[in-house]
Amino acid sequence: MIDERIRIQENYDMTMETAIDEAREEGLEKGIEQGLERGLKQGLERGRHEERLELIRKMLSKGLSLEVVSDVTGLSLEELEALLS
Numbered sequence: 051m052i053d054e055r056i057r058i059q060e061n062y063d064m065t066m067e068t069a070i071d072e073a074r075e076e077g078l079e080k081g082i083e084q085g086l087e088r089g090l091k092q093g094l095e096r097g098r099h100e101e102r103l104e105l106i107r108k109m110l111s112k113g114l115s116l117e118v119v120s121d122v123t124g125l126s127l128e129e130l131e132a133l134l135s
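What follows is the structure in structure tokens.
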């Protein structure tokens, strides 16, 4: 009787350890996945921002006025000046 209770308790303990390990692994995988998604999104946003800045600089270097660049890009003069400073 006591041996069976010990065996049942050991089985329970092993089951709980396995469940905890699996939950920990699943949480870790989800965390990594979320981190990668967030990093990719930030990288794409940064790339678009840099591309937009480069386009603005090229337009200005070709002699376009800030007003024309503002009209083409949809940015206000203040936004353009802030981006270029």
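The numbering used here numbers the first residue of the sequence shown as 51 and each following residue consecutively. Every residue, glycine too, gets a C-beta built ideally from N, C-alpha and C.
Is residue i buried or exposed, if buried means 16 or more other CB atoms sit within 10 Å of its CB?
i      : result
VAL118 : exposed
My understanding is that residue i touches residue j, with C-beta atoms under 8 Å, so please give their C-beta distance in whole angstroms.
i      : j      : result
LEU127 : SER120 : 5 Å
Touch test, the segment 120-135 against the segment 97-111, Cβ-Cβ under 8 Å, three pairs minimum: yes
Every unbroken alpha helix (DSSP H) within the segment 61-133, with a cutoff of 4 residues, ordered by chain: 116-123
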